[in-house]
Each structure stands twice: as C-alpha cells, then as structure tokens.
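In mature numbering (1 follows the signal peptide of the UniProt record, and there is no 0), the protein residues as written are -19 to -1, 1 to 115.
For reference, the structure discussed in these notes is given below.
Written out as structure tokens, the structure is:
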C-alpha cells in the first residue's frame, strides 16, 4: 500500500469567535480547521490518526478550498521535506470502496469537486482506492 508524506484533516469549529486549536489553520468560508501531520503513513493509518483526535480527513468542495488546503500543507511541511528530501504527497479523505473510479468523501458529503491530474484516477493496477494529491 502506498504511503503519503502527511495527513490532512479537519475539525468543525462550533465557536462563534471562529478559533482553532493550536497548530490548526482556520478556513473562514467553510469554518473548518485544517491541521497537517508530517508523517509517512498509508491511508488507513492516516484515517486512524484523525479519528484518534476526534477529527476526519479533509474533504474539498471547491477550487478555493483546494488551494487553501494545498498551500497550508505546503507551508507547514517545508521544514520536514528539507530534512527528509521526500516528495510532497497529501492524503485527502476520499475513497473508492469498489475500485470503480467513483469516489466519495469519508465525511459522507458528495465528491462534487474533482481536480484530477490528466489520466487519473487510473486504479494503479487494481491497488488504488484512496485519494492522494501531489
């Protein structure tokens, strides 16, 4: 199973003052907090890490939200990349339970924004059922 550099996850903020926990970044339009975990883990471990802190992997529903998530992750992960000299790959909270190139978000929301690279998803020789972004 492939491993990615980091996990992204969101926590819904219920506070009227729109504050996030330490080390989280607020996305104002969706009122969610984004946190980056610099670790090489597979999709299932990433999902477990999120669950362990009562959060879930990120779902993206617009180009603006996608840009915010990627920019936040890139900014947070640069020191880790310099030390380990690895490629930047991010896990998002999307999966295909039947390897049929139809993806859904783990939070139950519709997978209505797709920013696939050309030719993707390609099912990676029958092994691809998760969504990673470079």
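All C-beta atoms, glycine included, are put in the ideal place defined by N, C-alpha and C.
In this text, all values refer to a predicted model and were calculated from it rather than measured experimentally.
So residue i packs on residue j, CB below 8 Å; how close in whole Å?
i	j	result
residue 39	residue 15	7 Å
residue 17	residue 54	5 Å
residue 94	residue 47	7 Å
residue 19	residue 58	5 Å
What does residue i pair with, by DSSP beta-bridge criteria?
i	result
residue 84	Beta-bridge pairing links residue 84 to no other residue.
residue 58	DSSP lists no partner for residue 58.
Taking only three categories from DSSP, how would you classify residue i?
i	result
residue 25	helix
residue 52	helix
residue 7	strand
residue 96	coil
residue 44	helix
residue 31	helix
residue 74	strand
residue 2	coil
Residues in its own chain within less than 8 Å of residue i by CB, not counting five upstream and five downstream?
i	result
residue 87	28, 37, 38, 40, 74, 75 and 76
residue -19	Caution is warranted here: a pLDDT of 48 is assigned to residue -19, below 50, making its placement in the model unreliable, and no coordinate value can be reported.
For residue i, which residues in the same chain have their Cβ closer than 6 Å to its Cβ, ignoring the five residues on either side in sequence?
i	result
residue -5	In this prediction, residue -5 scores a pLDDT of 45, lower than 50, which makes its location untrustworthy; the coordinate-derived value is nonetheless stated afterwards. Cβ neighbours of residue -5 beyond the five flanking positions: none.
residue 9	none
residue 96	47
Only counting the same chain, and skipping five residues up and downstream in sequence, which positions put a Cβ closer than 7 Å to that of residue i?
i	result
residue 92	75, 84, 85 and 86
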